[in-house]
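Participant:
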Amino acid sequence: MKVVIIGGSGLIGSKVSGILEAAGHQVVAASRRNGIDAVTGEGLAAAIKDAEVVVDVTNSPSFEEEAVLEFFTKSSTNASSFAKHAGVKHYVLLSIVGIERLAENAYFRAKVAQEEIIKNAGVPYTIVRATQFLEFLDAIAYTSSSDDVVRVSTAYIQPIASADVAGFVADAAVNVPVNGIVEVAGPEAFPTDKLIGTYLSSKGDKRIVVGDPEAEYFGAKLEATSLVPVKSHKVGETTFEAWIKTAA
Ligand SMILES: NC(=O)c1ccc[n+]([C@@H]2O[C@H](COP(=O)([O-])OP(=O)(O)OC[C@H]3O[C@@H](n4cnc5c(N)ncnc54)[C@H](OP(=O)(O)O)[C@@H]3O)[C@@H](O)[C@H]2O)c1
Numbered sequence: 000m001k002v003v004i005i006g007g008s009g010l011i012g013s014k015v016s017g018i019l020e021a022a023g024h025q026v027v028a029a030s031r032r033n034g035i036d037a038v039t040g041e042g043l044a045a046a047i048k049d050a051e052v053v054v055d056v057t058n059s060p061s062f063e064e065e066a067v068l069e070f071f072t073k074s075s076t077n078a079s080s081f082a083k084h085a086g087v088k089h090y091v092l093l094s095i096v097g098i099e100r101l102a103e104n105a106y107f108r109a110k111v112a113q114e115e116i117i118k119n120a121g122v123p124y125t126i127v128r129a130t131q132f133l134e135f136l137d138a139i140a141y142t143s144s145s146d147d148v149v150r151v152s153t154a155y156i157q158p159i160a161s162a163d164v165a166g167f168v169a170d171a172a173v174n175v176p177v178n179g180i181v182e183v184a185g186p187e188a189f190p191t192d193k194l195i196g197t198y199l200s201s202k203g204d205k206r207i208v209v210g211d212p213e214a215e216y217f218g219a220k221l222e223a224t225s226l227v228p229v230k231s232h233k234v235g236e237t238t239f240e241a242w243i244k245t246a247a
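Taking numbering that gives the first Met the number 0, I'd label the letters of the sequence shown as residues 0 to 247.
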């Protein structure tokens, strides 16, 4: 089966490509570096021709409010229109658990808009919503830092390894569309401040981590369960302890 992975060179896309290629599928890893731009539409028609499945794992180069909204709306409108025109049977989109609960977060608002485009595109679809990647902990620490203090929310986080996310996305791609949302998360939930503290000290990072219920997460105040799945969900196998050994 021909599968086009838009964002196929990224953290998740490269892993999904590897899994599907190993399973014998014809994979086209599409992104700007091989002349396919989902925002302008350049190269999409040729890439998607004869594909049965499109996997959308792009990410915006900018997280600035207007830029991120423009990126996710234009890229998914283009990709899903070309997919419909080409008779694609399944569109798989990677999104994020809890986005509808955090409207103050511009990136999450853009992902909500992206999901709506895919739900209404007229192509059978599966939206895989993942929790924060373990590989994203650095970004959380970075954006929460001021001098030597990292001020982080005490709300729960249930991070998942990117390898497990890729496995769930690949699995969705080879199965029938659910025309709905599948949520996936890591096997353990932690207070975010405790996890960031353990993560930074495991790397020998001496910054002081302060748990603060009022600390914002990318512009949004978190409730205790804002970032974790509240409904039934699939669970990745990689624990934080196992992941940190491979990430070190
Ligand atoms: N980080 C998290 O914790 C988390 C949690 C849940 C879900 N997600 C979602 O996971 C998805 C994938 O994230 P990731 O970390 O794998 O992203 P990533 O590593 O930044 O990769 C992004 C991919 O998008 C491609 N891309 C960028 N602009 C493009 C364009 N105009 N046209 C075509 N391709 C373009 C990039 O390739 P080129 O540069 O070659 O174009 C790259 O292949 C995102 O949608 C994100 O919202 C993230």
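In this text, a Cβ means the ideal position worked out from N, Cα and C, and glycines have one as well.
Just so it is clear, the structure is predicted and the values come from calculations on it, not from any experiment.
#1: Is the beta carbon of residue 52 sitting closer than 8 Å to the one on residue 84?
#2: May I have the straight-line CA-CA distance separating residue 93 from residue 167, to the nearest angstrom?
#3: In chain order, which alpha helix (DSSP H) runs of at least 4 residues are fully inside the stretch 149-201?
#4: If you measure from the CB of residue 151, is any heavy atom of ligand 1 nearer than 7 Å?
#5: Suppose the cutoff is 7 Å on Cβ atoms and the five residues either side in sequence are ignored; what does the same chain contact list for residue 19 look like?
#6: Residue 116 and residue 75 - do their beta-carbons sit closer together than 8 Å?
#7: Beta carbon of residue 135: closer than 7 Å to some heavy atom of ligand 1?
#8: Give me the Cβ distance between residue 59 and residue 66, rounded to the nearest whole Å; I'm assuming they're in contact under 8 Å.
#9: Distance, Cα to Cα, residue 154 vs residue 16?
#10: I want to check one thing, is the minimum distance from the CB of residue 104 to the heavy atoms of ligand 1 below 7 Å?
#11: For residue 181, does the count of other Cβ atoms within 10 angstroms reach 16, so buried, or fall short, so exposed?
#12: Excluding the 5 residues flanking residue 135 on each side, which residues of the same chain have their C-beta closer than 8 Å to its C-beta?
#13: Per DSSP, what kind of secondary structure is residue 118 in: helix, strand or coil?
Facilitator: Result, derived from the coordinates:
#1: no
#2: 10 Å
#3: 161-173, 191-201
#4: no
#5: 2, 26, 169, 172
#6: yes
#7: yes
#8: 7 Å
#9: 34 Å
#10: no
#11: buried
#12: 158
#13: helix
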